[in-house]
Amino acid sequence: MKYILLMSGTRAGVEAYHAWPKQDIEAHMAVLHRINQDLTESGEFVATQGLAEPKEAKVVRGEKNGVPVTDGIFPESKEFLLGYWIVDVPNAERAYAIAGRISAASVNMPIEVRQLATHEAKSR
Amino acid sequence: MKYILMMNGKRSDFEGYAKWSKEDLRANVAFMRTFSKELKDSGVFVSTEGLGWPSEAKLVRAGQNGEPITDGVFPESKEFLAGYWIIDVESPEQAYRIAARASKAPGAGGKSANMPIEVRPVLSGHTDLGL
Chain D
4 MKYILLMSGT RAGVEAYHAW PKQDIEAHMA VLHRINQDLT ESGEFVATQG
54 LAEPKEAKVV RGEKNGVPVT DGIFPESKEF LLGYWIVDVP NAERAYAIAG
104 RISAASVNMP IEVRQLATHE AKSR
Chain L
473 MKYILMMNGK RSDFEGYAKW SKEDLRANVA FMRTFSKELK DSGVFVSTEG
523 LGWPSEAKLV RAGQNGEPIT DGVFPESKEF LAGYWIIDVE SPEQAYRIAA
573 RASKAPGAGG KSANMPIEVR PVLSGHTDLG L
């Protein structure tokens, strides 16, 4: 069963992270790197992806005169996806355990765990 | 340049979608299928995933001893990721054009609801997320 683990944060949260001392950021990255390695070794790793800064985010709603209608203004409370991991695990509990490990490595940030809709994905 | 196009919705949006007529659902799914095929045919497709329903979502935090503590209660306003596409394009403008097309997917009653699509560059060859 494939699960996606989503790490999200507000713009303020991202700015606070950037204010961390360099060695703290490096230590955080080292733990995440280690988790990726462990997931690869256990055969549970499917994919991971980091997203660019929230300030580069746009919302597109349809188009006007053939031009996409874009908007870059978001509410303060908007939770931006910062990155995700996709894992292939035997059950939800294992996905929660991996999410817990990522959370512990990331100042107890909450990690949202969702199952992938594999049937739909396959039919595409 | 790689971009991610995300469809987000509140729980009420998902519940609304579940109540669409079979015909409307079929038209929407057919559109999505054609859309993904066009992305593949034009060589910009990287990946796509649809996510399970928000009712199955859990929030996980680490407990004192690193054990996972799960919570399934979310505020009404919470935006859930419904699915995404990752594309590899020449410019942000091209990503916005493709997002505009996804936004025009047929909705209830066959009319496009101009669904908002969030567009973000994704990081590649980077150290984020421990890669």
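Residue numbers (my numbering), protein chains in the order written: chain D, 4 to 127; chain L, 473 to 603. All C-beta atoms in this analysis are idealised placements derived from N, C-alpha and C, irrespective of residue type, glycine included.
Identity of the residues DSSP links to residue i by a beta bridge
i: residue 88 of chain D; result: D/8, D/51
i: residue 83 of chain D; result: D/12
i: residue 140 of chain D; result: Absent from the structure is residue 140 of chain D, since the part of chain D shown begins at 4 and ends at 127.
i: residue 557 of chain L; result: L/477, L/520
i: residue 590 of chain L; result: D/62, L/478
i: residue 552 of chain L; result: L/481
i: residue 534 of chain L; result: L/540
i: residue 70 of chain D; result: D/67
i: residue 3 of chain D; result: Chain D is shown only over 4 to 127; residue 3 of chain D falls outside these bounds and no answer can be derived.
Cβ separation of residue i and residue j, assumed to be a contact under 8 Å, to the nearest whole Å
i: residue 496 of chain L; j: residue 582 of chain L; result: 6 Å
i: residue 552 of chain L; j: residue 481 of chain L; result: 6 Å
i: residue 143 of chain D; j: residue 29 of chain D; result: There is no way to answer for residue 143 of chain D, as the model of chain D reaches only from 4 to 127.
i: residue 102 of chain D; j: residue 34 of chain D; result: With 8 Å as the limit, residue 102 of chain D and residue 34 of chain D do not qualify as a contact, their Cβ atoms being about 14 Å apart.
Secondary structure of residue i, DSSP reduced to three states
i: residue 17 of chain D; result: helix
i: residue 487 of chain L; result: helix
i: residue 509 of chain L; result: helix
i: residue 480 of chain L; result: strand
i: residue 76 of chain D; result: coil
i: residue 35 of chain D; result: helix
i: residue 584 of chain L; result: strand
i: residue 578 of chain L; result: strand
i: residue 119 of chain D; result: strand
i: residue 103 of chain D; result: helix
Neighbour flag for residue i against chain D, beta carbons, 8 Å
i: residue 489 of chain L; result: no
i: residue 524 of chain L; result: yes
i: residue 479 of chain L; result: no
i: residue 498 of chain L; result: no
i: residue 569 of chain L; result: yes
i: residue 511 of chain L; result: no
i: residue 516 of chain L; result: no
i: residue 482 of chain L; result: no
i: residue 575 of chain L; result: yes
i: residue 562 of chain L; result: no
i: residue 580 of chain L; result: no
Contact test: residue i Cβ vs the ligand MN heavy atom, cutoff 7 Å
i: residue 13 of chain D; result: Judged by which ligands are present, the structure shown has none, so any question about the ligand MN falls away.
Proximity test, Cβ basis, 8 Å: residue i and chain L
i: residue 106 of chain D; result: yes
i: residue 123 of chain D; result: Low per-residue confidence applies at residue 123 of chain D: pLDDT is 46, beneath 50, and the placement is therefore not dependable, though the value from the model is reported in the following sentence. Output row for residue 123 of chain D: interface = yes.
i: residue 58 of chain D; result: no
i: residue 20 of chain D; result: no
i: residue 61 of chain D; result: yes
i: residue 116 of chain D; result: yes
i: residue 13 of chain D; result: no
i: residue 43 of chain D; result: no
i: residue 26 of chain D; result: no
(request) Quick one: which residues of the stretch 525-544 of chain L get their C-beta closer than 9 Å to a C-beta of chain D? List them in chain order. (result) 525, 526, 528, 529, 530, 531, 532, 533, 534, 535, 538, 539, 540, 541, 542, 543
(message) So if I threshold CB-CB distances at 8 Å, which residues from the stretch 585-599 of chain L count as touching chain D?
(response) 586, 587, 588, 589, 590, 591, 592, 593, 594, 595, 598, 599
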